[in-house]
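Trainee: So that we are looking at the same thing, I have put the structure below in structure tokens.
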Amino acid sequence: MNEVIIATKNRGKAKDFEALLSPYGIKVLTLFDVAPDLEIEETGTTFRENAALKAETVSKRLGKMVIADDSGLAVDALDGKPGVYSARYSGEGATDERNIEKLLADLSGVPDEDRTARFVCVLAIAAPGAETQFFEGTCEGRILRTPAGENGFGYDPVFYVPREERTMAQLTPEEKAVVSHRGEAIRSLEEQAGELFGENQ
Ligand SMILES: O=P(O)(O)OP(=O)(O)OP(=O)(O)OC[C@H]1O[C@@H](n2cnc3c(O)ncnc32)[C@H](O)[C@@H]1O
Ligand SMILES: [Mg+2]
0 MNEVIIATKN RGKAKDFEAL LSPYGIKVLT LFDVAPDLEI EETGTTFREN
50 AALKAETVSK RLGKMVIADD SGLAVDALDG KPGVYSARYS GEGATDERNI
100 EKLLADLSGV PDEDRTARFV CVLAIAAPGA ETQFFEGTCE GRILRTPAGE
150 NGFGYDPVFY VPREERTMAQ LTPEEKAVVS HRGEAIRSLE EQAGELFGEN
200 Q
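According to numbering that gives the first Met the number 0, the sequence shown holds residues 0 to 200 in order.
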């Protein structure tokens, strides 16, 4: 079985990648497996910069091909926030629960029709001696007023997916893989650079 290194310390994100890559027979390794001591400061101001930062730092350290995902939630009524800062939205010691609480508080006066939002995912692939490549995906939805569902991570419990008529957290990992921003980015990677999955390992 091929292995792919994903430069993440988010176990929910890693689970998403497992659902996306296991159909290709690919096993997912994370920073917990390959560089648990590594703390990468996400100093970029765009998804692309942070994805490159994570992928390139780990690729240089290991001398191998590495994929990173930088992603977030862009809410129209908040002018695209929390965006690149989605993981840290509620400040120091942010958790998924606190981020959701802050998001719902910030949107409390916003009517249903104005609660449109999208998840964005930028994947960066870095490999020794190669230029870093980028792939993107988005997923359109709406922010509910109360969380629903136990699956997924981050803002999934309050992100309503119209075509599924459920929240992202009410989808199985396999269902989420079909509709998510991360799924779209992986499919774009597969179309444009699928051979990377088989080489550079
Ligand atoms: O950097 P790594 O270690 O990969 O983990 P992270 O959680 O910090 O990841 P990001 O820097 O890319 O921040 C992404 C944040 O955006 C949110 N997010 C991204 N994708 C999501 C998804 O599929 N479902 C729910 N929330 C998501 C969630 O709050 C994430 O913590
Ligand atoms: Mg991060």
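The C-beta atom is built at its ideal place from N, Cα and C for all residues, glycine as well. Values in this document were obtained by computation on a predicted structure and should not be read as measured data.
According to DSSP, is residue 118 helix, strand or coil?
Mentor: For the purposes of this step, residue 118 is identified with residue 119 of the sequence shown, where counting begins at 1. Correct three-state label for residue 118: strand.
Trainee: Please report the distance separating the alpha-carbon of residue 140 from that of residue 160.
Mentor: Residue 140 sits at position 141 when you count from the first residue of the sequence shown. Residue 160 sits at position 161 when you count from the first residue of the sequence shown. Rounded to whole angstroms, residue 140 to residue 160 spans 5 Å at the Cα level.
Trainee: With DSSP collapsed to three states, give me the class of residue 172.
Mentor: The residue labelled residue 172 in the question sits at position 173 within the sequence shown. Three-state result, residue 172: helix.
Trainee: Taking Cβ to Cβ, would you say residue 50 is nearer than 8 Å to residue 123?
Mentor: Locating residue 50 in the sequence shown gives position 51, where the first residue counts as 1. Locating residue 123 in the sequence shown gives position 124, where the first residue counts as 1. Yes, the pair counts as a contact, with Cβ atoms nearer than the cut-off.
Trainee: Write down every uninterrupted run of the beta strand (DSSP E) in the stretch 8-41 whose length is 3 residues or greater and which is fully enclosed by it, in chain order.
Mentor: Within the stretch 8-41, the complete beta strand (DSSP E) runs of at least 3 residues are 25-28.
Trainee: On a CA-only basis, which of 83, 146, 135 is nearest residue 97? Give me that one, please.
Mentor: Here residue 97 is taken as the residue at index 98 of the sequence shown, counted from 1. Cα-wise, what sits closest to residue 97 is 146.
Trainee: Should residue 91 go down as buried or exposed, given a rule of 16 or more other Cβ atoms within 10 Å for buried?
Mentor: As a working mapping, residue 91 is identified with position 92 in the sequence shown. Answer is exposed; the Cβ neighbour count stays below 16.
Trainee: Just grab the DSSP bridge partners of residue 81 for me.
Mentor: Against the sequence shown, residue 81 aligns to sequence position 82. Answer by DSSP bridge pairing, in chain order: 73.
Trainee: Ignore the nearest five residues each way along the sequence and tell me which others in residue 60's own chain have a CB closer than 8 Å to its CB.
Mentor: Here residue 60 refers to the residue found at position 61 of the sequence shown. Correct list, in chain order: 34, 37.
Trainee: Checking 8 Å against the spacing of the C-beta atoms, do residue 182 and residue 168 come in under that value?
Mentor: Within the sequence shown, the letter at position 183 stands for residue 182. Within the sequence shown, the letter at position 169 stands for residue 168. No, the pair does not count as a contact, with Cβ atoms beyond the cut-off.
Trainee: Where does residue 73 land, buried or exposed, given buried means 16+ other C-beta within 10 angstroms?
Mentor: In the sequence shown, the residue the question calls residue 73 occupies position 74. Buried, by the Cβ-count rule.
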